[in-house]
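Colleague: Sharing a structure, written as structure tokens. Questions coming.
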Amino acid sequence: MIQSMTGFGKHVIQLPSKKITVELKSLNSKNLDVIARIPSAYREKELELRKLIADALERGKVDFSLYIEMTGEETTSEVNEQAVRKYMKQLGNIVPGDELRLMEIAMRMPDVLKTDREDIDETEYQKIREALVQALQEINQFRSEEGKMLEADFKARIANLQSLLAKVKQMDPDRLATIRERLEKAVADLKAEVDENRFEQELIYYLEKYDITEEKVRLANHLDYFTETLNSDDSNGKKLGFISQEIGREINTIGSKANYAPMQQLVVQMKDELEKIKEQMLNVL
């Protein structure tokens with residue numbers, strides 16, 4: 001079953017004094033690209049968290065956000081009283097003003113808050129890991145649901161391509177007969193004596209150049225292989241992309257050899273279906 005690279009996952013854990021929120025968003029990308037937004041206190045754990053994400057998501061542009069919200073009385077920041085008073089004194093020496101206004105300005109100045117860096121609490125970090133694992137499960141579920149819709153769309157378009165190919169096969173004898181008739185008429189219009197045997201040999205050689213038997217067989221095989229890969233257990237967008245390129249190659253060759261307006265119209269419809277497949281293919285994991 002295929003998976004989409006588009007997804008969203010979120011998990012929240014409430015601790016006695018903190019609320020931990022993990023969010024994951026992913027979009028399509030050729031490789032894995034993780035953008036992490038986490039508090040500076042947890043930077044030393046960033047590589048480990050990134051590895052968890054890489055193991056679970058494989059590909060995609062992933063936006064990972066970790067939010068820590070204090071919900072209790074606990075805090076790691078204190079007002080640097082000495083710095084505030086010094087700023088107020090300097091400001092008062094420049095322009096006289098009331099102390100409340102001077103303190104308001106001073107609180108915007110650098111170093112007025114002291115932050116005590118604490119070691120990461122391992123119990124708390126395990127909770128963060130658990131939240132990330134839950135969010136990864138959610139985003140993978142989201143990707144699987146999106147993948148089901150993509151799969152249904154692919155199967156419908158492959159069925160359309162197979163139907164159009166069947167029409168090409170049915171039309172092919174009439175196409176060759178029309179090309180032969182066109183050539184014979186062109187020679188007849190010349191009103192010149194021709195060697196019938198030689199003409200027949202040249203005609204056969206000319207018609208062989210427009211023969212699409214191999215292309216029809218290869219295109220049918222590629223369509224079957226696409227469906228087989230689609231039904232496999234693993235999601236392999238790159239492999240499906242390669243098969244799509246081969247499908248396009250055979251359709252283009254049929255179009256270049258057709259030399260017959262009704263068949264070229266079918267080829268245009270086939271190209272349209274394939275283009276829609278390729279557009280959606282960008283989202284497949």
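Every letter in the sequence shown is one number past the one before it in full-length UniProt numbering, and letter 176, counting from 1, is 176. Glycine included, C-beta positions come from ideal geometry on N, C-alpha and C. Treat the numbers as computed from the prediction; the structure is a model and nothing was measured.
1) Between the C-alpha atoms of S256 and Q269, what's the straight-line distance to the nearest angstrom?
2) Is the stretch 256-266 touching the stretch 216-235 in the sense that three or more CB pairs, one from each, lie closer than 8 Å?
3) Under the rule that 16 or more other beta-carbon atoms within 10 Å means buried, what is I53, buried or exposed?
4) Could you check what DSSP says for V95 in three-state terms: helix, strand or coil?
5) Taking the beta carbon of E215 as the centre, do at least 16 other beta carbons fall within 10 Å, making it buried, or is it exposed?
6) Along the chain, where does the beta strand (DSSP E) that runs through T21 open and close?
7) Using DSSP with H/G/I as helix, E/B as strand and the rest coil, what is M107?
8) Using a 10 Å radius around the Cβ and a threshold of 16 neighbouring Cβ atoms, would you call Q3 buried or exposed?
9) Grab me the residues of I158's own chain with a C-beta within less than 7 Å of its C-beta, minus the 5 sequence neighbours each way, in chain order.
10) Would you report the Cα separation of G9 and V22, rounded to the nearest angstrom?
11) Where does V112 fall in DSSP's three states?
12) Going along the chain, which residues of its own chain have a beta-carbon closer than 7 Å to the beta-carbon of residue 287, five neighbours each way excluded?
13) Need the endpoints of the alpha helix (DSSP H) that S256 sits in, please.
14) Counting Cβ pairs closer than 8 Å, one from the stretch 10-20 and one from the stretch 128-138, do we hit at least three?
15) Assuming L219 and M281 form a contact by the criterion Cβ under 8 Å, report the distance between their Cβ atoms to the nearest whole angstrom.
16) Between the stretch 59-74 and the stretch 24-39, do three or more beta carbon pairs fall short of 8 Å?
17) Inspect the beta-carbon positions of F142 and G7 and report whether they are closer than 7 Å.
18) Could you tell me the alpha carbon to alpha carbon distance between I277 and N31, rounded to whole angstroms?
19) In angstroms with no decimal places, state the Cα-to-Cα distance between I35 and M149.
20) What are the boundary residues of the alpha helix (DSSP H) that includes A56?
21) Expressed to the nearest angstrom, what Euclidean distance is found between the alpha-carbon atoms of P16 and T71?
22) Touch check for the stretch 96-103 and the stretch 160-167: three-plus C-beta pairs under 8 Å?
23) Roughly how far, in whole angstroms, is the beta-carbon of K271 from the beta-carbon of I251, given that I think they are within contact range, below 8 Å?
24) Are I247 and L266 closer than 7 Å when you measure CB to CB?
25) So, M5 versus N283, is the Cβ gap smaller than 7 Å?
26) Considering only their Cβ atoms, is the gap separating D111 from A83 smaller than 7 Å?
Modeller: Looking at the coordinates:
1) Each residue's Cα considered, the two are about 15 Å apart.
2) no
3) buried
4) coil
5) buried
6) 18-27
7) Note: M107 maps to coil in three-state DSSP.
8) Under this definition Q3 is a buried residue.
9) Only residues of its own chain outside the window of five on either side were considered, and among them L223, F226, T227 have a CB closer than 7 Å to the CB of I158, listed in chain order.
10) 8 Å
11) coil
12) The chain is shown only over 1 to 285; residue 287 falls outside these bounds and no answer can be derived.
13) 237-258
14) Between the stretch 10-20 and the stretch 128-138 there are three or more C-beta pairs closer than 8 Å, enough to call the two in contact.
15) The Cβ separation is near 18 Å, so there is no contact.
16) yes
17) For F142 and G7, yes; Cβs fall inside 7 Å.
18) 20 Å
19) Rounded to the nearest angstrom, the two C-alpha atoms are 27 Å apart.
20) 46-57
21) Looking at the two C-alpha atoms, the distance is approximately 8 Å.
22) no
23) 6 Å
24) no
25) yes
26) Pairing A83 with D111 gives a Cβ-Cβ distance under 7 Å.
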